[in-house]
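Chemist: Questions regarding the structure given below will be posed in turn.
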Amino acid sequence: MTASIDRAAPVVPLPGGVGISRLCVYDTVAPDGEAGGTPHLHLCCAEAYVVMAGSGRLQTLALSGYAETPLHPGAVVWFAPGMIHRLVNDGGLEIIVLMQNSGLPEAGDAVLTLPSDLLADPAAYAAAVALPSGGAPGTDLAAAYGRRDLAVRGFEQLRAAAVAGDLTPLREFHAAAIRLVQPHLDSWRQRWGDGALRAAEETGQQLDALARGEAPHFVEAEIYQLAEPRERGRRGMCGLLDTYPLS
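For what it's worth, UniProt numbering labels the leading residue of the sequence shown as 1, then goes sequentially.
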């Protein structure tokens with residue numbers, strides 16, 4: 001007998017406290033002639049891409065240097081916090097994005113590589129990265145493209161200096177990014193505690209129980225389903241996002 005249980009939304013976080021979304025990477029051209037998304041950095045979250053369709057490249061910049069990683073269907077690519085990254089769309093690039101800490105990168109843990117004068121002023125930075133209605137589906141894409149183009153200009157400067165052997169601008173960007181996010185760390189800690197930390201602690205409790213020959217967590221075993229995205233076409237940093245509720 002097969003039973004079908006349909007949950008409108010999960011009552012527990014996704015496995016491991018991750019976030020998930022489907023991304024159609026922007027296909028409009030930035031000032032450097034490349035089509036794609038917005039260069040940015042996450043400060044305490046890793047991120048992974050599962051390439052579903054199309055082709056492209058992941059441009060990355062860290063203290064270890066600049067690199068380009070090809071993207072094709074079936075590829076899985078991930079990177080650690082502190083890696084500036086930019087998706088380049090060479091044609092129809094679609095990706096499933098897995099984000100650490102209950103999707104914190106889309107909820108604040110991201111600093112765009114804007115020019116240094118904007119990074120130095122929190123109010124100016126906030127105005128430069130803001131989107132109409134927070135980027136809700138159906139809103140004007142011009143603002144998303146505009147902030148992308150600003151970030152690409154800043155990224156070009158950081159990349160050129162790093163390739164030439166000068167990491168000072170990149171280190172200054174790191175310092176500015178830290179200053180920008182520090183007011184938000186308490187809320188980030190709460191999201192981490194409710195998601196990834198909670199999941200890890202529950203696994204520890206389950207291991208302890210199994211060592212005693214017990215499995216009380218079996219009583220709570222359920223199946224959950226997200227039948228469709230909560231919204232389609234949200235204006236993200238790298239493209240149009242189909243997003244799923246996290247709790």
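Each residue gets a CB set at the ideal place from its N, CA and C atoms; glycine is no exception.
Determine the DSSP secondary structure at R153, reduced to helix, strand or coil.
Modeler: Looking at R153 - three-state DSSP - the assignment turns out to be helix.
Chemist: Using DSSP with H/G/I as helix, E/B as strand and the rest coil, what is E47?
Modeler: Three-state result, E47: strand.
Chemist: For the alpha helix (DSSP H) containing V129, name the first residue and the last one.
Modeler: Its alpha helix (DSSP H) spans residues 122-129.
Chemist: Taking DSSP as the reference, what is the three-state secondary structure of P73?
Modeler: DSSP places P73 in coil when its eight states are reduced to three.
Chemist: To the nearest angstrom, report how far apart A123 and I178 are at their CA atoms.
Modeler: Approximately 15 Å between the Cα atoms of the pair.
Chemist: Work out the CA separation of L104 and W188 for me, nearest whole Å.
Modeler: About 7 Å.
Chemist: Please identify the residue among S116, A130, C24, G108 whose C-alpha is closest to the C-alpha of V181.
Modeler: Among S116, A130, C24, G108, the Cα nearest to that of V181 belongs to G108.
Chemist: Just the Cα atoms here: how many angstroms apart are R22 and V97?
Modeler: Between R22 and V97, the C-alpha separation is close to 6 Å.
Chemist: Please name the residue in A209, A120, D208 whose C-alpha comes closest to that of H174.
Modeler: Closest option to H174, Cα to Cα, is A120.
Chemist: Output needed for C45: all residues of its chain with C-beta closer than 7 Å, excluding positions within five of it in sequence on either side, in chain order.
Modeler: So the qualifying residues of the chain are P81, M99, Q100, N101, L104, P105, D109.
Chemist: In this structure, how does DSSP classify E228 when only helix, strand and coil are distinguished?
Modeler: E228 falls in the coil class under three-state DSSP.
Chemist: Should H217 go down as buried or exposed, given a rule of 16 or more other Cβ atoms within 10 Å for buried?
Modeler: Exposed.
Chemist: Tell me which residues share the same chain as G146 and place their Cβ nearer than 8 Å to its Cβ, disregarding the 5 neighbours each side in the sequence.
Modeler: Here the set comprises nothing.
Chemist: With 16 as the cutoff for other CB atoms within 10 Å, does Q59 come out buried or exposed?
Modeler: Burial call: buried.
Chemist: Report, in whole angstroms, the separation of the C-beta atoms of V152 and N89, which I expect to be a contact under 8 Å.
Modeler: So it is not a contact: roughly 13 Å between Cβ atoms.
Chemist: In chain order, what residues of the same chain have a beta carbon less than 6 Å from the beta carbon of V18, not counting five sequence neighbours either side?
Modeler: Cβ neighbours of V18 beyond the five flanking positions: L98.
Chemist: Please name the residue in A162, P245, V219 whose C-alpha comes closest to that of G65.
Modeler: Selected option, being the one with the closest Cα: A162.
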